[in-house]
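Here the protein sequences line up with chains X and W, keeping their order.
Position one of the first sequence corresponds to residue 0 (numbering that gives the first Met the number 0), numbered consecutively onward.
Position one of the second sequence corresponds to residue 0 (numbering that gives the first Met the number 0), numbered consecutively onward.
Just so you know, even glycine gets a beta-carbon here, dropped at the ideal spot from N, CA and C.
These numbers come from a predicted model, not from an experiment.
Here the structure is laid out as structure tokens; the discussion comes afterwards.
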Amino acid sequence: MISTLYLIINLVIFALVGIAGVLVLRSIGRRVSKKLSVRLIGLYTVVLLLSPILAGFIVEEVERKEPVDVPEYYYEQVFENYEERNLEDLQQDEYLRQLTVSEIPVDMESFSEDSPLWIASSDHGELYTYHLIIEVTDTVDQVVITQFVQRFFVDSIDISKQFIPWSWSIADKKLQAKVPEVKINLYSLSPTKIAFHFDGSLSEILQEQQTLGQSFGPAPREGMIQWIQIPEELEFYYRGRGPWRIKQ
Amino acid sequence: MNSIIHKESPMTIAFKQIKDKLYHNTNAFVYLIILHLIGYFFSFSTGMGFGSSGNSFEFIYRNFTTTTLYVLTILWMIMQGFTLAEEKSRQYYMVSNNFTAYFSDIAVLEIYALIGGTLTLFSGFLLQVFGTIFMENFVLHSLYGSMGTLNYLTLFLTGTLYFLIFGTAAYLVGILRVRYQTRFALGALAAAVVIILLSILSASILQRPIFIDVASLFRFYLEETRFFIWLIKVLLTIAALYGLSYVSIKNMEVNRS
Numbered sequence: 000m001i002s003t004l005y006l007i008i009n010l011v012i013f014a015l016v017g018i019a020g021v022l023v024l025r026s027i028g029r030r031v032s033k034k035l036s037v038r039l040i041g042l043y044t045v046v047l048l049l050s051p052i053l054a055g056f057i058v059e060e061v062e063r064k065e066p067v068d069v070p071e072y073y074y075e076q077v078f079e080n081y082e083e084r085n086l087e088d089l090q091q092d093e094y095l096r097q098l099t100v101s102e103i104p105v106d107m108e109s110f111s112e113d114s115p116l117w118i119a120s121s122d123h124g125e126l127y128t129y130h131l132i133i134e135v136t137d138t139v140d141q142v143v144i145t146q147f148v149q150r151f152f153v154d155s156i157d158i159s160k161q162f163i164p165w166s167w168s169i170a171d172k173k174l175q176a177k178v179p180e181v182k183i184n185l186y187s188l189s190p191t192k193i194a195f196h197f198d199g200s201l202s203e204i205l206q207e208q209q210t211l212g213q214s215f216g217p218a219p220r221e222g223m224i225q226w227i228q229i230p231e232e233l234e235f236y237y238r239g240r241g242p243w244r245i246k247q
Numbered sequence: 000m001n002s003i004i005h006k007e008s009p010m011t012i013a014f015k016q017i018k019d020k021l022y023h024n025t026n027a028f029v030y031l032i033i034l035h036l037i038g039y040f041f042s043f044s045t046g047m048g049f050g051s052s053g054n055s056f057e058f059i060y061r062n063f064t065t066t067t068l069y070v071l072t073i074l075w076m077i078m079q080g081f082t083l084a085e086e087k088s089r090q091y092y093m094v095s096n097n098f099t100a101y102f103s104d105i106a107v108l109e110i111y112a113l114i115g116g117t118l119t120l121f122s123g124f125l126l127q128v129f130g131t132i133f134m135e136n137f138v139l140h141s142l143y144g145s146m147g148t149l150n151y152l153t154l155f156l157t158g159t160l161y162f163l164i165f166g167t168a169a170y171l172v173g174i175l176r177v178r179y180q181t182r183f184a185l186g187a188l189a190a191a192v193v194i195i196l197l198s199i200l201s202a203s204i205l206q207r208p209i210f211i212d213v214a215s216l217f218r219f220y221l222e223e224t225r226f227f228i229w230l231i232k233v234l235l236t237i238a239a240l241y242g243l244s245y246v247s248i249k250n251m252e253v254n255r256s
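Next up, the structure:
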């Protein structure tokens, strides 16, 4: 129902723009003097001829790298094989992108067996299903959280770059995360298909564009992995549901 | 035959007419600019997109192309083809016969097609600039990575020649309309009725619903990947359209009204 309404509104806008365009064409087009129209086309040509140079300065270099073929639900595999993986291993994994490393200082004295550090898996009461791996290690003397996201390609553009890491903090003896609202609006410009007229791949390109929407795959927000390193002497208690593992 | 008054060959007169027509129709370029501006607007509002959303996560992806600009330039070429054909009925030029009028018309159409082809070739770059200015998270599709000089040349050549086909076709239709006036309208109507009737009949009797497939006509050109065969196809089409319009204009009375 809403989509139909949306369609109708769009059509009305297009029709209005079209009518307005024709009216403008008729009223302005005929009145513009020859001198002015020559100047206008000259200006337009200059702008167009300059635009490749401008575009070269402004637009980022096209990613010429081939997209990595990331297995679907790769984060699940990482999570299941947590025993065999370690942090350096994940940092070098080409299927994962390291978002950030946050170090949270803890006051060891204030935690004991009776009052351990609580690790919460919810943000404002809302449970988030993320993948949490807690590693108890002696290499750190404070809580170190490394966040990873599964790399995710749309049109061979790496979307995982756009992800905002969660902000972890300790408050009231509770280690908790604030999940930021992620809104990714990605716009891309593709060349007109007839540029590949004689490449023999026209139909392939067309097909590729049609199947683009289907290749969207799993919701990428679930592809986050939080690797939490906790010093050995720190007492902690995990509270919550959600998938999590402890690596001793 | 040389003109007695001007003592000039038909070709010289034709070249003078080309200049004159280009000057007289300078406003055509204003139409082109306005159409292109509309094209830029449409390109950014009709991008193919899809999205996904969940709790605290929203992802929208849109993809733009310069196709709208091509469509609008084709529209412009059709407009110009009609305009040039219409002016046959008011020949105010210097000594003019059907040959010089025809020759200068197709030459002007070719110049228009060249201008259209060049401008639309560069419109992709302008869209890039607009995109980076007006949108955050604007990227180029990976296909741009595989664009080489040959692809740009292809874009220019195919664009120009397709524009020319549409312009010449419009010119031919315009000439036929000017020449046959009411009979043309009746004939077009009759042709439409015949085509619709035939397709209905073929659908009901022969059980083959598609009688005239416009898409297959486009595919005839668009899906040709061998360059020389494509060039022959396109050039033959243009030549046929030129020939037909010349035959139609050849013994036409210059001042009919």
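Worksheet item: What three-state label does DSSP hand X/S214 in the structure shown?
Response: Taking the first residue of the first sequence as position 1, residue 214 of chain X is located at position 215. Only weak support is given to the placement of X/S214: the predicted model assigns it a pLDDT of 47, under 50, and the value that follows is read from those uncertain coordinates. X/S214 falls in the helix class under three-state DSSP.
Worksheet entry | Backbone secondary structure at X/K182 - three-state DSSP | Numbered from 1 along the first sequence, position 183 holds the residue referred to as residue 182 of chain X. Correct three-state label for X/K182: strand.
Item to complete: Please name the residue or residues paired with X/M223 in a DSSP beta bridge.
Response: What you label residue 223 of chain X is simply residue 224 of the first sequence in a count that begins at 1. For X/M223, which the question treats as bridged, DSSP gives the partners X/V148.
Worksheet entry | Contact with chain X by W/E271, beta-carbon distance below 9 Å | Any answer about residue 271 of chain W is impossible in this case: the structure gives chain W only from 0 up to 256.
Item to complete: Starting from W/S103, find everything on chain X with Cβ-Cβ shorter than 7 Å and list it in chain order.
Response: Working through the second sequence from its first residue, we reach residue 103 of chain W at position 104. Under the 7 Å cutoff, chain X gives no residues; its nearest Cβ is about 18 Å from W/S103.
Practice prompt. Return the chain-ordered list of same chain residues with a C-beta closer than 6 Å to the C-beta of W/G38, the five sequence neighbours on each side being excluded.
Written response: Position 39 of the second sequence, counted from the first residue, corresponds to residue 38 of chain W. T67, L68 and L71.
Practice prompt. Measure from the alpha carbon of W/L291 to the alpha carbon of each residue in W/I164, W/L156 and W/A100, then state which is nearest.
Written response: Here chain W comprises residues numbered 0 to 256, so residue 291 of chain W is not present and cannot be evaluated.
Worksheet item: In chain order, what residues of the same chain have a beta carbon less than 6 Å from the beta carbon of W/I77, not counting five sequence neighbours either side?
Response: Start at 1 with the first residue of the second sequence, and residue 77 of chain W comes out as number 78. So the qualifying residues of the chain are F165 and A169.
Worksheet item: Taking the alpha helix (DSSP H) that W/L139 falls in, what are its first and last residues?
Response: Residue 139 of chain W sits at position 140 when you count from the first residue of the second sequence. W/L139 -> not in any alpha helix (DSSP H); beta strand (DSSP E) instead, spanning F137 to L139.
Worksheet entry | C-beta contact flag for W/Y103 and W/K20 at 9 Å | Numbered from its first residue, the second sequence carries residue 103 of chain W at position 104. Numbered from its first residue, the second sequence carries residue 20 of chain W at position 21. Reading off the sequence, residue 103 of chain W comes out as Ser, not Tyr. Going by C-beta atoms, W/S103 is nearer than 9 Å to W/K20.
Practice prompt. With 7 Å as the C-beta to C-beta threshold (strictly closer), list the residues of the stretch 135-150 of chain W near chain X in chain order.
Written response: N136, F137, V138, L139, H140, S141, L142, Y143, G144, M146 and N150
Discussion item. Applying the 10 Å Cβ sphere with the 16-neighbour rule, what's the burial state of W/L240?
Written reply: As a position in the second sequence, residue 240 of chain W is number 241, starting the count at 1. That one is buried.
Worksheet entry | Nearest-angstrom Cβ-Cβ length linking X/F162 and X/L89, presumed shorter than 8 Å | Here residue 162 of chain X refers to the residue found at position 163 when the first sequence is read from its first residue. Here residue 89 of chain X refers to the residue found at position 90 when the first sequence is read from its first residue. Actually they are not in contact, since the Cβ atoms of X/F162 and X/L89 sit about 16 Å apart, beyond 8 Å.
Worksheet entry | Beta-carbon spacing of W/F121, X/L47 below 9 Å | Working through the second sequence from its first residue, we reach residue 121 of chain W at position 122. Working through the first sequence from its first residue, we reach residue 47 of chain X at position 48. Yes, Cβ-Cβ distance for W/F121 and X/L47 is below 9 Å.
Worksheet item: Rounded to the nearest angstrom, how far is the Cβ of X/V142 from that of X/Q228, given a contact under 8 Å?
Response: Reading the first sequence from its first residue, position 143 is the one you call residue 142 of chain X. Reading the first sequence from its first residue, position 229 is the one you call residue 228 of chain X. That pair is a contact at about 7 Å.
Practice prompt. Measure the Cβ-Cβ separation of X/Q175 and X/R96 and say whether it is below 9 Å.
Written response: On the first sequence, residue 175 of chain X is found 176 positions in, with the first residue counted as 1. On the first sequence, residue 96 of chain X is found 97 positions in, with the first residue counted as 1. No.
Discussion item. For a cutoff of 9 Å on Cβ pairs, would you count W/T159 as touching chain X?
Written reply: Position 160 of the second sequence holds residue 159 of chain W. No - not a single Cβ of chain X is within 9 Å of the one on W/T159.
Fill in: Spatial distance of X/I144 from X/M223 (CA atoms)
Indexing the first sequence from 1 puts residue 144 of chain X at position 145. Indexing the first sequence from 1 puts residue 223 of chain X at position 224. Looking at the two C-alpha atoms, the distance is approximately 12 Å.
Worksheet entry | Any chain W beta carbon closer than 9 Å to X/V37 | Within the first sequence, the letter at position 38 stands for residue 37 of chain X. Judged by the 9 Å Cβ criterion, X/V37 is in contact with chain W.
Fill in: Span of the beta strand (DSSP E), counted from its first residue to its last, around X/A176
For the purposes of this step, residue 176 of chain X is taken as residue 177 along the first sequence, with counting starting at 1. Taken as a continuous stretch (DSSP letters only), the beta strand (DSSP E) holding X/A176 covers K173 to K177.
Discussion item. Using 8 Å for Cβ pairs, my map puts X/P70 next to X/E234. What's the rounded Cβ distance?
Written reply: Translated into the one-based positions of the first sequence, residue 70 of chain X becomes position 71. Translated into the one-based positions of the first sequence, residue 234 of chain X becomes position 235. Not confirmed; about 37 Å, so no contact.
Discussion item. For X/Y236, count the other beta carbons within 10 Å of its own beta carbon; 16 or more makes it buried, fewer makes it exposed. Which is it?
Written reply: For the purposes of this step, residue 236 of chain X is taken as residue 237 along the first sequence, with counting starting at 1. Label assigned to X/Y236: exposed.
Practice prompt. Spell out the partners DSSP gives X/P230 in its beta bridges.
Written response: Within the first sequence, the letter at position 231 stands for residue 230 of chain X. X/T136.
Worksheet item: Mind pulling the chain W residues with CB within less than 7 Å of X/N184?
Response: As a first step, residue 184 of chain X must be located in the first sequence, where it is residue number 185. Neighbours of X/N184 on chain W, chain order: I59 and N136.
Worksheet item: Would you say X/L98 reaches chain W, if we count a Cβ-Cβ gap shorter than 9 Å as a contact?
Response: Within the first sequence, residue 98 of chain X is the residue found at index 99, counting from 1. Chain W contact via Cβ: absent.
Worksheet item: What residue from X/P190, X/E232 and X/N9 has the CA that sits closest to X/D137's CA?
Response: Residue 137 of chain X sits at position 138 when you count from the first residue of the first sequence. It is X/E232.
Worksheet item: Which partner residues of X/Y236 appear in the DSSP bridge assignment?
Response: Here residue 236 of chain X refers to the residue found at position 237 when the first sequence is read from its first residue. Looking at the DSSP assignment, X/Y236 forms a beta bridge with X/W117.
Discussion item. Check whether chain C comes within 9 Å of W/T25, counting only Cβ atoms and requiring the distance to be less than that.
Written reply: The structure shown contains no chain C; its protein chains are X and W.
Discussion item. Strictly below 7 Å CB to CB, what residues from chain W border X/L188?
Written reply: Position 189 of the first sequence holds residue 188 of chain X. Result: F63, L126, Q127, G130, L139 and H140.
Discussion item. Taking a contact to mean a Cβ-Cβ separation below 9 Å, would you say W/A100 touches W/Q180 in this structure?
Written reply: As a working mapping, residue 100 of chain W is identified with position 101 in the second sequence. As a working mapping, residue 180 of chain W is identified with position 181 in the second sequence. The answer is no: Cβ separation not under 9 Å.
Worksheet item: Are the Cβ atoms of W/F98 and W/G173 separated by less than 9 Å?
Response: If you number the second sequence from 1, residue 98 of chain W lands on position 99. If you number the second sequence from 1, residue 173 of chain W lands on position 174. Contact: no.
Worksheet item: Since X/V100 is in the beta strand (DSSP E), which residue starts that stretch and which ends it?
Response: Translated into positions along the first sequence, residue 100 of chain X becomes position 101. Counting along the chain, the beta strand (DSSP E) containing X/V100 begins and ends at L95 to I103.
Fill in: Selected residue, minimal CA-CA separation from W/E135, among X/I183, X/D113 and X/P179
If you number the second sequence from 1, residue 135 of chain W lands on position 136. Checked all of X/I183, X/D113 and X/P179; the closest Cα to W/E135 is X/I183.
Practice prompt. Measure the Cβ-Cβ separation of X/V37 and W/F28 and say whether it is below 9 Å.
Written response: Along the first sequence, one-based indexing puts residue 37 of chain X at 38. Along the second sequence, one-based indexing puts residue 28 of chain W at 29. Yes. Within cutoff.
Item to complete: Could you work out which residues of chain X lie near W/Y69, taking near to mean beta carbons separated by less than 9 Å?
Response: Here residue 69 of chain W refers to the residue found at position 70 when the second sequence is read from its first residue. Those are T191 and I193, listed as they occur along chain X.
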